[in-house]
Structure formats: structure tokens, C-alpha cells
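Be aware that the sequence shown starts at 712, since it is given in the working numbering, and climbs by one per residue.
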Amino acid sequence: MSVLCLPVWGVIEVDRLSSPALSERYQYLVAEYRCPKCQNQNLAESNSPISIDLRTEIRRLLEEGASDAQISDYLVARYGEFVLYRPKVKNSTYLLWLAPAVLLLLGLLVIVFIVRRQKRAVNTSKTALSSTEQAALQALLGTAEKQNDKTVNPNEAESK
712 MSVLCLPVWG
722 VIEVDRLSSP
732 ALSERYQYLV
742 AEYRCPKCQN
752 QNLAESNSPI
762 SIDLRTEIRR
772 LLEEGASDAQ
782 ISDYLVARYG
792 EFVLYRPKVK
802 NSTYLLWLAP
812 AVLLLLGLLV
822 IVFIVRRQKR
832 AVNTSKTALS
842 STEQAALQAL
852 LGTAEKQNDK
862 TVNPNEAESK
């Protein structure tokens, strides 16, 4: 049974940080940065050689007393903004940050437009007819009923 668990033991990192506070920061940082090689995996989830090296580098920088901002600057300088799951807001990333809000607002406007349109259609169908319109409607219905009777029973219409 223990032979089946060997791959699990290989993933556990044995290097411990000097304090629990540094361990918490380390866990936060490796979850915040993307593996440069992997598709949409953070450093904590990835087992690629580059992510293992980056985790080691983050651990070293934390032990040396680097701040989160310094670690971020270091990683961005080496690997570009791709390593950031939350890129900084600047001219080149406005679309990335604003697109979800704009699309949400457009969706809400479309829903409001459709609901209002349906309410108008219901309201226009409920308007009362004037007396002349009612008389015209009755006349049309009367002639339609007479024609309907003739088509349903053509023999009766001929015998009359």
C-alpha cells in the first residue's frame, strides 16, 4: 500500500520557513503567481521545474526579508506581467479590468430593453376599443361566423 503513495510524497516540499508568518506569506505568494510554463496554474499547483525554482526563489527572498512588493517586482522583471494573476491597472490593462463591468452593464441594458418592450406589447393589447371599433369588430365577427357556417355545412347553406 505504501508503494502506491510514493508519488504523493514526492510533491511535498520539505524546506520549512523560519516563522509561521513567513509560511503564511509564502503560501499566499505561491498562490498569487502563475507558472510561466503551465497553462493557468499557479506556482503552488504546478510541479514543473520552473515553478519549483520559483517557489525556491520566493522562499529565499522571504528569508532575506524582502517585502511582497519587492518579490512581485523581481518576478515581473524576470518573467513579465504574465506571472501576475492580477495585473496592475495601467493604460495597457484598462480593457482587461473594465471589460467585465462593461459587458455586465450591456447585458443588464438588454434585459431592461426586452422587459420594457414586452410590457408595452401587453399594455397595447389591453387598451379598450372605442364604440366605433367595437361595432366594426362585431360586424366582422358576424360576417366571419356566417362564412364559417357556410364552409362547415355547405349542404345546409344550399338547402336554405
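Just so you know, even glycine gets a beta-carbon here, dropped at the ideal spot from N, CA and C.
Where residue i falls, given that 16 or more other Cβ within 10 Å makes a residue buried
{"i": "residue 770", "result": "buried"}
{"i": "residue 805", "result": "exposed"}
{"i": "residue 762", "result": "buried"}
{"i": "residue 778", "result": "exposed"}
{"i": "residue 766", "result": "buried"}
{"i": "residue 831", "result": "exposed"}
Opposing strand residues paired with residue i [DSSP bridges]
{"i": "residue 753", "result": "745"}
{"i": "residue 795", "result": "744"}
Simplified DSSP state of residue i, which is helix, strand or coil
{"i": "residue 806", "result": "helix"}
{"i": "residue 771", "result": "helix"}
{"i": "residue 815", "result": "helix"}
{"i": "residue 728", "result": "coil"}
{"i": "residue 839", "result": "coil"}
{"i": "residue 853", "result": "helix"}
{"i": "residue 801", "result": "coil"}
Distance, residue j Cα to residue i Cα
{"i": "residue 729", "j": "residue 775", "result": "11 Å"}
{"i": "residue 807", "j": "residue 839", "result": "52 Å"}
{"i": "residue 816", "j": "residue 794", "result": "30 Å"}
{"i": "residue 852", "j": "residue 813", "result": "52 Å"}
{"i": "residue 841", "j": "residue 826", "result": "28 Å"}
{"i": "residue 802", "j": "residue 796", "result": "17 Å"}
{"i": "residue 829", "j": "residue 810", "result": "29 Å"}
{"i": "residue 747", "j": "residue 790", "result": "7 Å"}
{"i": "residue 754", "j": "residue 823", "result": "43 Å"}
Residue i Cβ short of 8 Å to the ligand ZN heavy atom set
{"i": "residue 807", "result": "This structure does not include the ligand ZN; it has no bound ligands of any sort."}
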